[in-house]
Amino acid sequence: LLDFGCGVGNGFFPLIDVFGYEKLRVNCIDISKTAIALVKKHSSFDEKFVDAHKCDIVNEEIPFEPSTADFCLFLFVLSALSPSEHLQVLTKLGDQMKKGGVVYFRDYGRYDMAQLRFASRGNQKLADNFYVCKDKTRRYYFTIEEIEDMFNKIGFEKIENKYMYRMIENRKEEKRMYRVWI
Numbered sequence: 059l060l061d062f063g064c065g066v067g068n069g070f071f072p073l074i075d076v077f078g079y080e081k082l083r084v085n086c087i088d089i090s091k092t093a094i095a096l097v098k099k100h101s102s103f104d105e106k107f108v109d110a111h112k113c114d115i116v117n118e119e120i121p122f123e124p125s126t127a128d129f130c131l132f133l134f135v136l137s138a139l140s141p142s143e144h145l146q147v148l149t150k151l152g153d154q155m156k157k158g159g160v161v162y163f164r165d166y167g168r169y170d171m172a173q174l175r176f177a178s179r180g181n182q183k184l185a186d187n188f189y190v191c192k193d194k195t196r197r198y199y200f201t202i203e204e205i206e207d208m209f210n211k212i213g214f215e216k217i218e219n220k221y222m223y224r225m226i227e228n229r230k231e232e233k234r235m236y237r238v239w240i
């Protein structure tokens, strides 16, 4: 399993808990050295089965052998990058995958409530559908057509590509949040 933008391991550690290390070997990268340090401090971390590296996926080479991943978690990573970097990063991801490998992708969809909030403020827009957050991270909002087009350009075949709509309710603050993911 390749976790491309693993954060603190919240995507792959639950899989290790279910399948165990006898069935799962993990290569993971993240741009944050703090996140990688936390991965290595996790109670389920075993360096014999998890290879974790700090890596800037835009400006650095991926530190793993190409064509070795059967599966990839690619969760809320592409949206943090400039649209001009999307194809470059997807190409690097594609180089890591074995023929027939599967990418589990999730990211922000167009018209997510956060995008609408950004748009209403007006001063956080970097480009169409691309915004800067208060913490200086960035967020791009995709359409399913954009995602399909980019993955097709690098040779991936679609298994499923759809919008996911979810209403999240904060009863204490009496707020409803309408989320859109791909």
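To convert, count from 1 in the sequence shown and add 58; that's this note's numbering.
By construction, the Cβ of each residue, glycine as well, lies at the ideal position given by its N, Cα and C atoms.
| By Cβ distance, which residues of its chain are closer than 7 Å to lysine 150, with the 5 residues on each side in sequence left out? | Ile115, Ile120
| query | In or out: tyrosine 236 buried (at least 16 other Cβ within 10 Å) or exposed? | reply | exposed
| query | Can you tell which of Tyr162, Tyr199, Gly159 has its C-alpha closest to the C-alpha of glutamine 173? | reply | Tyr199
| query | In terms of residue numbering, what span does the beta strand (DSSP E) encompassing glutamate 227 cover? | reply | 222 to 228
| query | Between the beta-carbon of cysteine 130 and the beta-carbon of methionine 155, is there less than 8 Å? | reply | yes
| query | Hey, out of Leu184, Leu145, Asp193, whose CA is closest to asparagine 210's CA? | reply | Leu145
| said: Just to check my reading of the structure: valine 84 and phenylalanine 62 have Cβ atoms closer than 8 Å, yes? What is that Cβ distance to the nearest angstrom? | reply: With 8 Å as the limit, valine 84 and phenylalanine 62 do not qualify as a contact, their Cβ atoms being about 11 Å apart.
| field | Validate contact between the segment 226 to 236 and the segment 190 to 209 using beta carbons, cut 8 Å, 3 pairs | value | no
| Which ranges would you report for the alpha helix (DSSP H) in the segment 123 to 181 if only whole runs of at least 4 residues count? | 144 to 154, 171 to 179
| query | For tyrosine 169, which residues from the same chain have a beta carbon less than 8 Å from its beta carbon, with the 5 sequence-adjacent residues on both sides left out? | reply | Tyr199, Val238
| request: Excluding the 5 residues preceding and the 5 following isoleucine 94 in the sequence, name in chain order all residues of the same chain whose CB lies nearer than 7 Å to its CB. | output: Asp88, Ala110, His111, Lys112
| field | Residue environment, cysteine 191, which counts as buried when at least 16 other CB atoms sit within 10 Å | value | exposed
| field | Supposed contact pair aspartate 104 and proline 124 - C-beta distance, whole angstroms, cut 8 Å | value | With 8 Å as the limit, proline 124 and aspartate 104 do not qualify as a contact, their Cβ atoms being about 24 Å apart.
| said: Considering Cα atoms alone, identify which of Ile202, Gly213, Arg229 is closest to tyrosine 222. | reply: Here residue 222 is methionine; the residue named in the question, tyrosine, does not match the sequence. The candidate whose alpha carbon is nearest that of methionine 222 is Ile202.
| message | So leucine 148 and isoleucine 212 are supposed to be a Cβ contact under 8 Å. How far apart are they, rounded? | response | 5 Å
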